[in-house]
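Chains as they are written, first to last, in numbering that gives the first Met the number 0: chain R, 0 to 642; chain W, 0 to 378.
I have placed the structure first, in the form of structure tokens, so that the comments after it can refer back to it.
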Amino acid sequence: MARSAVALKDHWKEQRLFLSRVIGAAVIVVILSGLVVTRLVQLQIIDYQRFSALSQDNRVRIEPLAPPRGLIFDRNGVVLADNVPTWELVAIGEEIPNLRETLQGLADLELIDPAELGVLADLVRSHRGFERVKLSNLTEEQAARFAVRRHHFPGVDIQEALIRYYPYGAATAHAIGYVGSISKADLERIDRRDYAATSQIGKSGVERAYESRLHGSVGYRQQVVNAQGRVLLDPATDDASAAGDGIFGGLETKWPVPGENLVLALDIRLQLAAQEALANARGAVVAIDPANGDVLALVSTPAFDSNGFARGLSRGELAALNTDPNRPLFNRALSGTYPPGSTVKPFLGLVALHQERVTPEQTVYCPGHFSLPGSSHRYRDWRPQGHGSVALHASIVRSCDVYFYQLALALGIDDLEAGMRRFGFGAPTGIDIGGENAGVVPSREWKRRNFSRREDQVWFPGETVISGIGQGYTLVTPLQLAHATAVLAAKGRRFAPRVVIGSEEGVSRRIEWIPAEELPGVDDVDEHHWELIAAAMLGVTAEPGGSAAVTMKGTPYTIAGKTGTAQVFTVAQDARYREDEIDERLRDHGLFVAFAPAEAPRIALGVVVENGGGGNRAAAPVARKVLDAYFSLMPDDYVARSR
Amino acid sequence: MSLAAADWGRSSGASFRRRKRGALALHVDVPLLALLAIVAVIGLVVLYSAAAESTSAVMRQSARLAVGFGAFFVLAQVPPRYLRMWTPWLYCIVVGLLLAVMVEGEISKGAQRWLDLGLVRFQPSELMKLAAPMMVAWFLHDRRLPPTFPQLMVLALIVAVPALLIAKQPDLGTALLVVAAGGLTVLLAGISMRVMAFGGVLALIGAPILWSVMHDYQRARVLMFLNPESDPLGAGYNTIQSQIAIGSGGLFGKGWLKGTQAHLEFLPERSTDFIFAVMAEEFGLLGLCLLLVLYVAIVGRGLYIAVQAQDTYTRLLAGSLALTFFVYVFVNAGMVSGLLPIVGVPLPLVSAGGTSVVTLLAGFGILAAIHGHKKLLAP
Chain R
0 MARSAVALKD HWKEQRLFLS RVIGAAVIVV ILSGLVVTRL VQLQIIDYQR FSALSQDNRV
60 RIEPLAPPRG LIFDRNGVVL ADNVPTWELV AIGEEIPNLR ETLQGLADLE LIDPAELGVL
120 ADLVRSHRGF ERVKLSNLTE EQAARFAVRR HHFPGVDIQE ALIRYYPYGA ATAHAIGYVG
180 SISKADLERI DRRDYAATSQ IGKSGVERAY ESRLHGSVGY RQQVVNAQGR VLLDPATDDA
240 SAAGDGIFGG LETKWPVPGE NLVLALDIRL QLAAQEALAN ARGAVVAIDP ANGDVLALVS
300 TPAFDSNGFA RGLSRGELAA LNTDPNRPLF NRALSGTYPP GSTVKPFLGL VALHQERVTP
360 EQTVYCPGHF SLPGSSHRYR DWRPQGHGSV ALHASIVRSC DVYFYQLALA LGIDDLEAGM
420 RRFGFGAPTG IDIGGENAGV VPSREWKRRN FSRREDQVWF PGETVISGIG QGYTLVTPLQ
480 LAHATAVLAA KGRRFAPRVV IGSEEGVSRR IEWIPAEELP GVDDVDEHHW ELIAAAMLGV
540 TAEPGGSAAV TMKGTPYTIA GKTGTAQVFT VAQDARYRED EIDERLRDHG LFVAFAPAEA
600 PRIALGVVVE NGGGGNRAAA PVARKVLDAY FSLMPDDYVA RSR
Chain W
0 MSLAAADWGR SSGASFRRRK RGALALHVDV PLLALLAIVA VIGLVVLYSA AAESTSAVMR
60 QSARLAVGFG AFFVLAQVPP RYLRMWTPWL YCIVVGLLLA VMVEGEISKG AQRWLDLGLV
120 RFQPSELMKL AAPMMVAWFL HDRRLPPTFP QLMVLALIVA VPALLIAKQP DLGTALLVVA
180 AGGLTVLLAG ISMRVMAFGG VLALIGAPIL WSVMHDYQRA RVLMFLNPES DPLGAGYNTI
240 QSQIAIGSGG LFGKGWLKGT QAHLEFLPER STDFIFAVMA EEFGLLGLCL LLVLYVAIVG
300 RGLYIAVQAQ DTYTRLLAGS LALTFFVYVF VNAGMVSGLL PIVGVPLPLV SAGGTSVVTL
360 LAGFGILAAI HGHKKLLAP
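Have a look at this one:
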């Protein structure tokens, strides 16, 4: 009972104590609740903007949209580079029950390369399960083959994609170039953000030089993704009504700006004619409008199908192109360098006339060979029996070498070099698509720089002699030949060669014409001298005995031309050049330069046929075909418009 | 119900009236039950969104709530003196079960929390959340208060033994709640300020020791709490994503079913430990304040019942149960909002999950019983 009494006595005290503790606890509860609320205010009110942005970043993925690449047209509006739909075989990893079996099945249908099974399996596994992984490009026929068996391949699908297509393939391969996968080197020269959705980039020719205009600018669309990155809503493909507010609301799309279309100076008909004229030869044709530098045709053969690069070449295909002894990937028109041979004669003739080192009337006796005073070495004329007594006109018409040996000596190497350079030899012509070789116009200075042995650094008079007929160290590109001939045709006016003459903005469809770029020309030469040279070149094709007279017989238009033969193989002093006895690769290169009509030139040509034999035999017929094509195809009004 | 409302409005002091009709005949405290039911319904609404609009998740949670409210009604009928008499047995049985889990769990790898009783699998540690404060209250019931120092040592043992067993499982969250439940009971019994200060010093000394016995992932959680940005995709991910969810909710929230953090799966443990963040994202600060007011009201009602209780055992137990409930709320809200490190404590009555709903409601059943079985005392 005593215990109970104690308990009872404690009761009130205990209750009071307990009450005070409960009140204390209640205060703490309120304080801690306040702390939580304060924290929530901080997160939800004060830092709301920041967290709202973070949650938006989480939710929305920005999917870049590739701009459609600009198209390329020839001067008459014919499409030379197009974007066409193609089929891609894609795999969605998580939907494929057995990856190995599936890939084997696709290989059995010849839809993927059996040699790449392992690589493709790794590729699919390295992506997240829901991502679409491209396995291969399909032809229409392959796509159809897959389509009928699609139900055998869960998780494999075909999708459409745009791919570059060159309707004329090999004929335009060296002029337009091609696109290919973006390489590490390409990444150095582009803004990566702008190429976020682009898989191909211009690799050569117009495609490379005008990459920035052709590419356009990237767009984007916002997609809703979950924490794993799976796209839950893509406004571009999903029902628009699914969007709205909440999780799927407020998405933006910025459409890409398409690349600019380009209009080329090329006429595809002339291009094809030049391609056909060269046939199977290794060679190049460049045709230029002397009035503005427009490149009407630019062909290098053999060529390659540029569509292969756009589609993606297999390792074997690429190796075959690289190891082909005819070097189809080599752009002879721009970077092939050849001794110009006798094609330099009109240029040197003009320089010598201008500098009054020769007169039109002055004659030289050609016995078929020439020796420097005090030397027994004979510089031979191509015609062993000689041309007799010839003046400048006849020396060009019949291509007398002895006359030009002496002319070169009369000029001296310094003036000879300076004269050649005024026509654009020995330096890049400045063509807009780049990729050209500068060639060589040798000089004393050049020899000093390019030879290491002291005794080789001296310029010998004999080297001046052979420079007079375009042999020795002199090297030119077919483009330089056409360019310099255009300068002759335009009586000294000189324009930078250009392949692209206009660009068409994708949205407004307005064509902006690019003005011709005039370069410092040969403007101090007497009109009479120009006419003398033009007349001599006309004589080459029109006078009896002219070096190309037979080949050019019967054209309805006049041609001012010059043949050239470049030696590949040096014939011993006492031997004769016998074509049938030497290897095909050692045969002479044939060259031809021309402008037509001779009295009012519209087109200037440079033609090179490697190892084709002499200029008249190998190159002049090609020039004839190109010129025939030009004058039969080109309507007069069109020519007028283009100027 | 009108009677209950009247009771809620006027209940103050120690005035008792004869009430043996309606809900009161079932010894059910109507205000408490109503508040719990409102929170439970809000929980189901949030859960539907958090569980990606899954009806089955809501059905399962409803079933658990039904079991929980069943336990509430059953325990409300048990007079507290019986409860008090069974307390030592219950405590011993639960400690025994914890040991059994330990032995049994050796076989399965990882955390050892579940005991398979054939029909049901349950966590004995959950039961300890009730058994520990009951045992403490039982121990203090017959004794003079405030307790003496030796008594405090015994009490410390009563709480520490099961808490260590649970922490060893390892389940830091539940161990913490057991310590809170037991400790709060002792605090309510009235310890002097000097002893409290002593305890504080002891805690400071104990912290490094606790650190040394913690598991790596537990340490990582503490470190991550201190600096979540140090590893945004690793251990800090949960904290960062839950703060983004809360912060982006703003004042009014993004709207029900429109929480992007939750629905796009950026938020971890959306329907369980981090459901508070789902609610924050979709209902904003206003929604959370409403929920917190409801929670505080429940705690308040519990404390009121404790104050009204007639003996030491019921008083201490009621107070402890009410405050432990608040510890749940505070720890969960604190960890989700980045105030506290992440410990696995669910948001009471809202988080989807097994036994915690049942033990919580069982605890409130005891509170209802304490309130409903008061003896009429002569003035």
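Built from N, CA and C at the ideal position, the CB exists for glycine as well.
In this text, all values refer to a predicted model and were calculated from it rather than measured experimentally.
According to the neighbour-count rule (16 or more other Cβ atoms, all chains shown, within 10 Å of its Cβ), is residue i buried or exposed?
i, result
"Gln240 of chain W", "buried"
"Phe346 of chain R", "buried"
"Leu272 of chain R", "Correcting the residue type first, residue 272 of chain R is Ala in the shown sequence and not Leu. Buried is the call here."
"Pro519 of chain R", "exposed"
"Glu364 of chain R", "Reading off the sequence shown, one finds Tyr at residue 364 of chain R, where the question assumed Glu. It is exposed - the Cβ of Tyr364 of chain R has fewer than 16 other Cβ atoms within 10 Å."
"Asp525 of chain R", "exposed"
"Ile61 of chain R", "exposed"
"Thr651 of chain R", "Because chain R in this structure spans residues 0 to 642, residue 651 of chain R falls outside the shown range and cannot be described."
"Cys91 of chain W", "exposed"
"Trp254 of chain R", "exposed"
"Ala114 of chain R", "exposed"
"Tyr47 of chain R", "buried"
"His588 of chain R", "buried"
"Phe424 of chain R", "buried"
"Asn97 of chain R", "exposed"
"Glu281 of chain W", "buried"
"Val29 of chain R", "exposed"
For a cutoff of 9 Å on Cβ pairs, would you count residue i as touching chain W?
i, result
"Leu18 of chain R", "yes"
"Ser32 of chain R", "yes"
"Arg58 of chain R", "yes"
"Pro324 of chain R", "no"
"Tyr165 of chain R", "no"
"Phe145 of chain R", "no"
What is the residue span of the alpha helix (DSSP H) that residue i lies within?
i, result
"Arg448 of chain R", "Arg443 to Asn449"
"Ser388 of chain R", "Counting along the chain, Ser388 of chain R falls outside any alpha helix (DSSP H), though it belongs to the beta strand (DSSP E) covering Gly387 to Val389."
"Gly117 of chain R", "Leu116 to Ser125"
"Thr238 of chain W", "Tyr236 to Gly248"
"Thr54 of chain W", "Thr54 to Ala75"
"Asp81 of chain R", "From DSSP, Asp81 of chain R is part of no alpha helix (DSSP H) but of the beta strand (DSSP E) over Val78 to Ile91."
What distance in whole Å lies between the Cβ atoms of residue j and residue i, which are believed to be in contact at a cut-off of 8 Å?
i, j, result
"Leu474 of chain R", "Val439 of chain R", "4 Å"
"Leu74 of chain W", "Gly301 of chain W", "That pair is no contact at about 14 Å."
"Leu266 of chain W", "Phe273 of chain W", "6 Å"
"Gly246 of chain W", "Arg49 of chain R", "7 Å"
"Ile532 of chain R", "Gly348 of chain R", "6 Å"
Counting only beta-carbon separations shorter than 9 Å, does residue i have a partner in chain R?
i, result
"Arg314 of chain W", "yes"
"Phe15 of chain W", "Residue placement at Phe15 of chain W is flagged as unreliable, the pLDDT there being 44, under the threshold of 50; a coordinate-derived value is accordingly withheld."
"Gly362 of chain W", "no"
"Ala305 of chain W", "yes"
"Ile369 of chain W", "no"
"Phe197 of chain W", "no"
"Ser336 of chain W", "yes"
When DSSP labels each residue in this structure, what does residue i get in the three-state scheme?
i, result
"Phe459 of chain R", "coil"
"Thr428 of chain R", "coil"
"Asp185 of chain R", "helix"
"Phe494 of chain R", "strand"
"Tyr165 of chain R", "coil"
"Asn615 of chain R", "helix"
"Leu328 of chain R", "coil"
"Asn57 of chain R", "helix"
"Cys365 of chain R", "strand"
"Ser216 of chain R", "strand"
Tell me which residue opens and which closes the beta strand (DSSP E) that residue i is part of.
i, result
"Ala162 of chain W", "Element bounds for Ala162 of chain W: not the beta strand (DSSP E) but the alpha helix (DSSP H), Phe148 to Ala166."
"Lys344 of chain R", "Unbroken run through Lys344 of chain R is the alpha helix (DSSP H), Lys344 to His353; no beta strand (DSSP E)."
So which residues on chain B does residue i lean against when the C-beta distance must stay under 7 Å?
i, result
"Arg448 of chain R", "As a matter of chain content, chain B is missing from the structure shown, whose protein chains are R and W."
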